[in-house]
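Visitor: First, the structure itself, so that you have it in front of you.
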Amino acid sequence: MSEALLILTSLPDLASAQALARQLVERKLAACVNLLPAVQSVYRWQGQVEQAFETTLLIKTAAHRYAELESAIKAAHPYAVPEIIALPIVAGLPAYLNWITAETQKDVNV
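Numbered per the numbering used here, the sequence shown spans residues 259 to 368.
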């Protein structure tokens with residue numbers, strides 16, 4: 259079984275978050291993406307404290323797809339420095355973790 263990862267990223271609006279989530283699942287870079295709209299973020303950017311409403315994505319993938327997934331997020335993301343954080347899933351329902359692995363396998367015919 260491949261190691262499963264939970265990837266976090268945030269986008270400025272629901273529409274761009276939905277588009278990215280769909281693209282990641284369609285390309286088998288993610289098995290599932292949860293969208294958490296209206297997350298309020300407070301952060302320091304270029305020396306100023308900023309505040310914004312964003313949509314956070316919880317992306318479930320297999321570790322072997324991480325590099326491609328990171329590239330896809332960076333290519334589609336409107337921020338100059340997008341949040342991309344990968345957390346290992348150290349435990350979980352085995353059937354669910356196996357499903358993540360199965361859903362992120364590259365098609366051999368492609």
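Where a beta carbon is used, it is the ideal one built from N, C-alpha and C, also for glycine.
1. From Ile-317 to Leu-272, what distance separates their C-alpha atoms?
2. Alpha carbon to alpha carbon, how far is Ala-334 from Val-283?
3. Decide if Gln-309 is buried, meaning its Cβ has at least 16 other Cβ atoms within 10 Å, or exposed.
4. If you draw a straight line from the C-alpha of Asp-365 to the C-alpha of Gly-305, how long is it?
5. With DSSP as the reference, label Lys-318 as helix, strand or coil.
6. With DSSP as the reference, please indicate the residues paired to Ala-344 in a beta bridge.
7. Residues in its own chain within less than 8 Å of Val-368 by CB, not counting five upstream and five downstream?
8. Between Ile-343 and the rest of its own chain, which residues show a CB-CB distance below 8 Å, the 5 nearest in sequence each way excluded?
Guide: Let me spell this out:
1. Cα to Cα, Ile-317 sits roughly 15 Å from Leu-272.
2. Distance between the alpha carbons of Ala-334 and Val-283: 14 Å.
3. The C-beta of Gln-309 has fewer than 16 other C-beta atoms within 10 Å across all chains shown, which makes the residue exposed.
4. Between Asp-365 and Gly-305, the alpha-carbon positions lie close to 45 Å from each other.
5. It is a strand residue.
6. Answer is Ile-265.
7. Summary for Val-368: the model assigns pLDDT 48, below 50, so the residue's position carries little reliability, and this model does not support an answer.
8. Answer for Ile-343: Ile-265, Leu-266, Thr-267, listed in chain order.
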